[in-house]
Amino acid sequence: MRKKRILSMALASAVIVLTFASQAMASTSIVEPDGSTGGVVVKTVDGKSIVDYPVSNEDKQLQQKKGSMADLHMQYKNGKISKETYVEKLKKLGASEDIIIAVSNAKTFDTAISSNSIQPLSLSSSPQNVIIPFYQMPQATTYYCGPATASEIINGRTWSTISQYTLAGPLHCTTSGTPWYDGSYPMKDTLNSYMNTGFYIPYGTYVESSTFQSRVIYDIDANYGTAGDAWEVPGGPHLIGHPVGSTIYHWFAIYGYGDYGNSIYYKDSVAGSSVSWSGNVPASSAMDYVTLARIVNGRGIIW
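Here is the structure:
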């Protein structure tokens, strides 16, 4: 196991502030500060050692299938294919009827009209979409960002409020927080279980911005929130209000997008919590998708 020098344990893994020594060799399995296990280091990007975690054959097939749907959705959103063609291709990919209805009825982007134009958008197009209602929930402890994020997303879809303490169990949440992977993907499994769906799959840990953007847009248009897993490092981008000189692991809920998908809307459970710097953090924020993709790079999203 690689050595770590702990700078602060006060925020555990919902918001973990620490630095760690040189990464293990790529062939060595490591244990990460958020409790993630079973991965190997494969590259370094933005000062982060990207760790590759196992993905089952079933999840790989689901990733390929849903990824194809998300890519197809972006073609439809940008007016490159008709709604009829879109629906036909979704059916061939095996999309469920409720997903087909939701995503094919989502308003398209009108690329002829910029976000700064005074010309009104047509009723069939819009540069934004948000899940309504979608409530921010302050995390119940300094390390409960995972349970808070799951509770927000479940409530946004089902209107059912599940206690963060109830969700901590299936999320494998400890004082180290909610792991990205520890033999399974706890956030994926928990969201699917409580929503009685197979919709959610992991995307990570090496995150490309355009892929991140298309996955989020697909989720929101299907009326499902996305769980982001931030890994913030000194010198790199941080979520709004987070101390920029700190290394932080933090789950957060994505609930919408604007400016034709260039801006991503998210809820931050630090706001209103007992985290020492929570007063600097808004409950709701927006950030450009390229920056947000850099923030989740090294972990990823459950989408």
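Counting from 1, position 232 in the sequence shown corresponds to residue 268 in this note's numbering; the numbering is continuous, with no gaps. For each residue, glycine too, the CB sits at the ideal point set by N, CA and C. Note that the structure is predicted; figures quoted are calculated from it, not measured.
Quick check on DSSP: helix, strand or coil for residue i?
i, result
"residue 247", "helix"
"residue 191", "helix"
"residue 201", "helix"
"residue 142", "coil"
"residue 268", "strand"
"residue 346", "Given a span of 37 to 339 for the chain in the structure shown, any question on residue 346 remains unanswerable."
"residue 206", "coil"
"residue 280", "coil"
"residue 257", "helix"
"residue 166", "strand"
"residue 179", "coil"
Applying the criterion that 16 or more other CB atoms from any shown protein chain within 10 Å of the CB defines a buried residue, is residue i buried or exposed?
i, result
"residue 195", "exposed"
"residue 269", "buried"
"residue 90", "exposed"
"residue 201", "exposed"
"residue 168", "exposed"
"residue 22", "Any property of residue 22 remains undetermined from this structure, which presents the chain solely from 37 to 339."
"residue 128", "exposed"
"residue 266", "buried"
"residue 134", "exposed"
"residue 175", "buried"
"residue 188", "buried"
"residue 224", "buried"
So residue i and residue j are in contact, right, with Cβ under 8 angstroms, and what is the actual spacing, rounded?
i, j, result
"residue 144", "residue 160", "6 angstroms"
"residue 171", "residue 191", "6 angstroms"
"residue 204", "residue 180", "7 angstroms"
"residue 325", "residue 300", "5 angstroms"
Quick check on the DSSP output: the beta strand (DSSP E) that includes residue i runs from which residue to which?
i, result
"residue 303", "299-303"
"residue 88", "84-88"
"residue 112", "From DSSP, residue 112 is part of no beta strand (DSSP E) but of the alpha helix (DSSP H) over 93-113."
Since residue i sits in a beta bridge, which residues does DSSP pair it with?
i, result
"residue 287", "265"
"residue 73", "67"
"residue 337", "239, 264"
"residue 80", "85"
If you measure from the CB of residue i, is any heavy atom of the ligand ATP nearer than 8 angstroms?
i, result
"residue 247", "The ligand ATP is not part of this structure, which contains no ligands at all."
Please report whether the beta-carbon of residue i lies at a distance below 9 angstroms from any beta-carbon of chain C.
i, result
"residue 132", "No chain C is present in this structure, which holds just one protein chain."
Give the range of the alpha helix (DSSP H) segment to which residue i is assigned.
i, result
"residue 328", "325-332"
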